[in-house]
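In our numbering, the protein residues as written are 884 to 1104.
Yeah, the Cβ is synthetic: ideal placement off N, Cα and C, and Gly gets one too.
Please read all numbers here as calculations on a predicted model, not as lab measurements.
Take a look at the structure set out below.
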Ligand code: BEZ
């Protein structure tokens, strides 16, 4: 007999998980039809907002637009999404430019069908069934899901933290080192702990790293 868990899993959409390929989609946006595949070779920050013409979302859009050139320098693109029409998106981004003087330079998915929102689990029914929560998906240049952040409707995101997260992931990929709490570029990095007793003995003798103990070693780039 099928277990309750298996029956539940069969009914639930399989939500993205860190380390899995990001779910593919094709969607209408303010820059025309876009497929996830179009971003292959580029890192992507895919983010959802609850609704156009709302104040917290407006502050976030301005902050994302201001971060866009920094992200581009990191081979990273931005793609927004909400359950609004493309006409609403066009009207809102024009309004933001006219009233706040900030041009929204990244595309925004018009997900009226909720297809992409459902595929990525952006709707949190306990919070709202008609709006996407403030979700952030960091997808790498191989289209692997690398990180996910979820914020509620009432809390605007920290865009500096999203830049820090992408920087940390790219630094880890480049150097095989991990990043400690509150890491910032220029800070020391964490050397992954040894996996064998022999490696532990070698690690404490390694003059290229600074060890507090065999499992806690850091390195400056
Ligand atoms: C806002 O963006 O201001 C907002 C959106 C949904 C709920 C609360 C605030």
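My output table needs one value for residue 960: the three-state DSSP class, helix, strand or coil.
Correct three-state label for residue 960: strand.
For residue 908 and residue 965, I'd like the C-alpha separation in whole angstroms.
Looking at the two C-alpha atoms, the distance is approximately 15 Å.
What does the alpha-carbon distance come out to for the pair residue 1029 and residue 1061?
Their backbone Cα atoms lie some 14 Å apart in a straight line.
Do residue 1013 and residue 932 have their C-beta atoms closer together than 8 Å?
No. Outside cutoff.
Please determine whether the Cβ atom of residue 964 lies at a distance below 7 Å from any heavy atom of the ligand BEZ.
Every heavy atom of the ligand BEZ is 7 Å or more from the Cβ of residue 964, so no.
Taking three-plus beta-carbon pairs below 8 Å as touching, is the stretch 978 to 985 in contact with the stretch 1000 to 1012?
Touching, no.
How about residue 939: is its Cβ closer than 7 Å to a heavy atom in the ligand BEZ?
For the ligand BEZ, at least one heavy atom lies less than 7 Å from the Cβ of residue 939.
Can you tell which of 1005, 928 and 981 has the C-alpha that lies nearest to the C-alpha of residue 1048?
Residue 928 is the option with its Cα nearest to residue 1048.
Can you name the start and end residues of the alpha helix (DSSP H) that residue 970 belongs to?
It spans 969 to 983 - the alpha helix (DSSP H) in which residue 970 sits, taken as one unbroken run.
Taking C-alpha atoms, which residue in 937, 900 and 1088 lies nearest to residue 1026?
When only C-alpha atoms are compared, the closest one is 900.
Does the stretch 934 to 947 come within contact of the stretch 1031 to 1050, defined as at least 3 CB pairs closer than 8 Å?
Verdict: yes, contact present.
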